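Notes follow the structure.
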Amino acid sequence: MEIDILFLQFMKSQREANYEIYEECLGKMVPWMFAMDHVRYARWLTVRSQDLILLKERGIDVNEEFTRGHFVTNKTKHRFSALANDQIHEWQNAIVKGDGGFVGLTENPDAL
């Protein structure tokens with residue numbers, strides 16, 4: 000149950016662009032990844048957590064922007080619509096590959 004709540008908090012931190020909670024949740028996820036034997040997640044979450052800690056000292060400007068919520072991208076202007084950048088990338092790919100997107104246009108001889 001604790002991991003479920005942690006994951007929901009993590010998702011909420013991204014949706015609300017709350018960097019402090021995001022950073023806190025990442026740190027709390029590391030032991031869970033080791034416990035569940037997710038070696039790659041454990042390894043890279045550790046690296047990511049350390050990078051975020053060092054960012055406060057070495058990348059002050061970037062850290063300030065992240066604190067303002069610029070570590071995610073807003074899908075719309077509505078609250079709770081922010082998504083991680085990799086998810087936005089996948090969403091954009093789906094639009095482009097859809098029937099009305101670029102792929103649909105290039106496969107239609109009349110559109111050319």
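Residue numbering for the sequence shown follows numbering that gives the first Met the number 0, starting at 0 and increasing by one per position.
Backbone N, C-alpha and C fix where the C-beta goes; we use that ideal spot for every residue, glycine too.
All figures in this text were calculated on a predicted structure; none of them were measured in a lab.
task = In the DSSP assignment, find the unbroken alpha helix (DSSP H) run with Arg-39 in it and report its ends.
result = Residues 38–57.
message = Can you look up Ala-81 in the DSSP assignment and give me helix, strand or coil?
response = Three-state DSSP puts Ala-81 in a strand.
C-beta contact flag for Ser-48 and Val-29 at 8 Å = Yes, Cβ-Cβ distance for Ser-48 and Val-29 is below 8 Å.
query = Whose C-alpha, out of Arg-14, Cys-24 and Ala-93, is nearest the C-alpha of Glu-1?
reply = Looking at the Cα atoms, Cys-24 is the closest of the given residues.
task = Assign Glu-64 to one of two classes, buried (16 or more other C-beta atoms within 10 Å of its C-beta) or exposed (fewer than that).
result = That one is exposed.
key: C-alpha gap between Leu-51 and Glu-15, whole angstroms   = Going from the Cα of Leu-51 to the Cα of Glu-15 covers about 18 Å.
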